[in-house]
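What follows is a set of notes on a single structure, which appears directly below.
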Amino acid sequence: MFGTKLGATADTAMDLYLRPETAQGIFVNFLNVQKTGRMKIPFGIAQTGKAFRNEIVARQFIFRMREFEQMEMQFFIKPGTQKEWYEHWKEARLKWHLSLGMGSENYRFHDHEKLAHYADAACDIEFRFPFGFKELEGIHSRTDFDLGNHEKYSGKKLQYFDPEENKSYVPYVLETSIGLDRMFLAVLSNSLQEETLEGGDTRTVLRLPFVLAPTKVAVLPLLKKDGLPEIAREIIDELKFDFSVSYDEKDAVGRRYRRQDAAGTPFCITVDHQTKEDQTVTLRHRDTMEQIRIPISELRSVISKEVDMRNWLKKQF
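Shown next, in the form of structure tokens:
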């Protein structure tokens, strides 16, 4: 654990230890959340927060750090059902990772041979980083170790009353734990690519999953005159409430495409003189570089199908 001190002077300072995981806050508040939300087992509590580890050597960029952001879920279940739920969450979490489109060949399970003192089953979802396969997410069957010990040493009951069984018991827990920093590194290292195009030119492209791209679409007037920027601004006003939109009018349109490719923007909309005639624009796809001509009125629906978080979530459930 990561030790520190609290106090005005070294002589009077109190030894403190920073939390190595976010999970314990969930455990001590388990009954508060369950009763307030009127929840029935099985149910989960998830949170994101800072965690600290006394790493002797912090290395490999942001893969291993002493201070990091952790995302954890504790899923409370009936004792005796942990094996089924363990397999369920292994499958569900891998499905979530694969939905980002970073290639199934870049993921694998690693089952723990030596288990932690609190677990009766554990595995890692490993990702192929530039420096090899490393842990991205941990899935653990923690039994009733945490709730049982909090109950034992605090003297407070942390038991759930099961109306179907008509009895109280300390729930078992399935945990999923992932480092936000590692997830960011996995996405970034997998997405950043340099391609050689026909004719020998190269381009840098950040192939972010569309749902994660910070800017979904860029609007580019072909020229800074002839009323094209004004039309581009009107398109932005139409789209800005649905997507994060950027505007770029500097340099040749080819250079602007390259800038947006490097920033990971999924789509570019080019406004040209034909737009003034028939209200159509060119829509360019980041990954394929394919360009299609579509009416301005169809932009929202076409782009939404690819980048909207709601559409992505529907594929998960």
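First residue of the sequence shown: 55, per the working numbering; consecutive thereafter.
Think of the CB as a built atom: it goes at the ideal place given N, C-alpha and C, for glycine as much as any other residue.
This one's a predicted model, so the numbers in the text were calculated from it and none came from an experiment.
- When rounded, the separation of the alpha-carbon atoms in Q247 and E159 is 17 Å.
- A straight line joining the alpha-carbon of L85 with that of Q213 spans about 8 Å.
- For Q333, same chain residues with a beta-carbon under 8 Å away, outside a window of 5 residues either side, are P349, I350, S351 in chain order.
- For P283, the enclosing alpha helix (DSSP H) stretches over residues 282-293.
- Within the stretch 286-370, the alpha helix (DSSP H) runs of at least 4 residues that lie entirely inside it are, in chain order, 307-317, 327-332, 353-361, 363-368.
- As a beta-bridge residue in DSSP terms, F183 pairs with G186.
- The beta-bridge partner set that DSSP reports for D200 is empty.
- With a threshold of 16 other beta carbon atoms within 10 Å, D315 meets it and is buried.
- In the three-state DSSP reduction, K89 falls in the helix class (H, G or I).
- Membership of H164 in any alpha helix (DSSP H) is not indicated; the residue belongs instead to the beta strand (DSSP E) covering 161-165.
- For V273, the enclosing beta strand (DSSP E) stretches over residues 271-275.
- Annotation for M127: the continuous beta strand (DSSP E) segment containing it runs 121-131.
- The bridge partners DSSP lists for M68 are L60.
- Only exposed fits P217, as fewer than 16 other CB atoms lie within 10 angstroms of its CB.
- Of the candidates R73, N244, A175, V241, A175 places its Cα closest to the Cα of T197.
- Here the stretch 91-101 makes contact with the stretch 125-132; the two share three or more CB pairs at distances below 8 Å.
- Taking C-alpha positions only, D235 is separated from P184 by approximately 15 Å.
- With fewer than 16 other Cβ atoms inside 10 Å of its own Cβ, S298 counts as exposed.
- Between L277 and P283, the alpha-carbon positions lie close to 7 Å from each other.
- Assigned with DSSP and collapsed to three states, D235 falls in helix.
- Under the three-state reduction of DSSP, Y223 is assigned to strand.
- Taking a C-beta distance under 8 Å as the contact criterion, E145 and Y161 do not qualify as a contact pair.
- Under the three-state reduction of DSSP output, G79 falls in the helix class.
- Beta-bridge annotation (DSSP): F215 is paired with S222.
- Rounded to whole angstroms, the separation of the alpha carbons of R312 and M363 is 25 Å.
- Collapsing the DSSP output to three states places K137 in a helix.
- When secondary structure is reduced to three states using DSSP, V111 falls in the coil class, being assigned neither helix nor strand.
- The beta carbons of Q78 and Y226 sit no closer together than 8 Å.
- In this structure, the alpha-carbon of R107 lies about 9 Å from that of F122.
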